[in-house]
Amino acid sequence: MLYFKYRSTNCFFLRSSLNGQLLAIDAGWPGTLYEYARGMKTIGCNLDNIAWAFVTHFHMDHAGLISEFVTRGVKCFVFEHQLGAIDAMEKTIEKNDKGYRLIDKTKLHVIKIQESREMLEEVGIRGQVVVTAYHSSDSISFITEQGEAIVGDLPLEAQMMPDDHRLREAWDEIRKSGGRTIYPSHAASFELVASYPR
Ligand SMILES: [Zn+2]
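Here the sequence shown stands for residues 1 to 198, numbered as in my numbering.
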């Protein structure tokens, strides 16, 4: 897995075993394509290497460039339960940026969570997507076969209140799916303890 950080957000990439092209997980801030491209250079890649993308959730620091990815011909996946979150994000972006161009939703590839493993395998990427709808109702996490878990803005277990069952369920789901090294969007990666002290 590759990643770089810009403007406080980590952007992640997985390389296809079929053709070496990249799957981007999360897609930066709106209107920052050049800055994002500079970030890609730091990991030895460029924009043309991105063939596929999906986002952990539709907030503007994670999906701001999806519109431009679609325009550039990147195959952008969206999970069924994420569709409803796009409009709210774009309304917020448009308030501050009149030049923002809306995502052409007809070009998004809508998939079910249960189909994610199969769909990713078809493009040479091994791992699975799980719903961790805590930070937002559309939030997901991606876990590679090596146990790397990209968890978006899921709050850390260490900050969990004892009665927060929803957050505990989300972390249980990540453990159950083999997540061991956790990659948050706005913090450094860390090793997950085998089980949360209850
Ligand atoms: Zn965020």
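The beta carbon of each residue, even a glycine, is placed where N, CA and C say it ideally should be.
Please list the terminal residues of the continuous alpha helix (DSSP H) segment that includes residue i.
{"i": "N96", "result": "I86 to N96"}
{"i": "G127", "result": "Not the alpha helix (DSSP H): G127 falls in the beta strand (DSSP E), residues G127 to V131."}
{"i": "V70", "result": "I66 to T71"}
{"i": "S141", "result": "Per DSSP, S141 belongs to no alpha helix (DSSP H); it is in the beta strand (DSSP E), I140 to T144."}
{"i": "T28", "result": "Here residue 28 turns out to be Gly, not Thr, going by the sequence shown. Note, G28: premise wrong, no alpha helix (DSSP H); not H, not E."}
{"i": "L120", "result": "S116 to E122"}
{"i": "D61", "result": "M60 to A63"}
Give me the residue from the options with the minimum Cα distance to residue i.
{"i": "Y36", "options": "T106, I66, Y134 and V151", "result": "I66"}
{"i": "F12", "options": "E169, A27 and I113", "result": "A27"}
{"i": "I143", "options": "G64, W171 and D163", "result": "W171"}
{"i": "E68", "options": "K112, L33, H135 and I86", "result": "L33"}
{"i": "Q82", "options": "K107, F54, G73 and G99", "result": "F54"}
{"i": "D48", "options": "A85, M60, T71 and A188", "result": "T71"}
{"i": "V78", "options": "S136, K107 and G127", "result": "K107"}
{"i": "A133", "options": "G31, C45, R15 and F58", "result": "F58"}
{"i": "A149", "options": "Y183, M40 and M1", "result": "Y183"}
{"i": "E90", "options": "D61, Q114, V110 and L120", "result": "D61"}
{"i": "S136", "options": "K105, I86, M119 and G178", "result": "I86"}
{"i": "N46", "options": "L22, I113 and I174", "result": "L22"}
I need the straight-line Cα distance from residue i to residue j, nearest angstrom please.
{"i": "C165", "j": "L192", "result": "A small correction: the amino acid at residue 165 is His; Cys does not occupy that position in the sequence shown. Straight-line Cα distance between these residues: approximately 18 angstroms."}
{"i": "L18", "j": "K5", "result": "26 angstroms"}
{"i": "V74", "j": "G147", "result": "26 angstroms"}
{"i": "R101", "j": "T92", "result": "13 angstroms"}
{"i": "G31", "j": "M40", "result": "16 angstroms"}
{"i": "R180", "j": "A194", "result": "8 angstroms"}
{"i": "D97", "j": "D104", "result": "17 angstroms"}
{"i": "W52", "j": "V130", "result": "18 angstroms"}
{"i": "M160", "j": "R168", "result": "8 angstroms"}
{"i": "G20", "j": "A158", "result": "37 angstroms"}
{"i": "E80", "j": "D138", "result": "9 angstroms"}
Under DSSP, the beta strand (DSSP E) around residue i begins and ends at which residues?
{"i": "H81", "result": "Unbroken run through H81: none, as it is neither H nor E."}
{"i": "H226", "result": "Beyond the ends of the chain as shown, which are 1 and 198, falls residue 226; an answer cannot be given."}
{"i": "C11", "result": "T9 to R15"}
Assuming residue i contacts residue j (C-beta within less than 8 angstroms), just tell me the rounded distance between them.
{"i": "T56", "j": "G152", "result": "3 angstroms"}
Complete alpha helix (DSSP H) runs within the segment 149–194 (minimum length 4 residues, chain order) | 165–176
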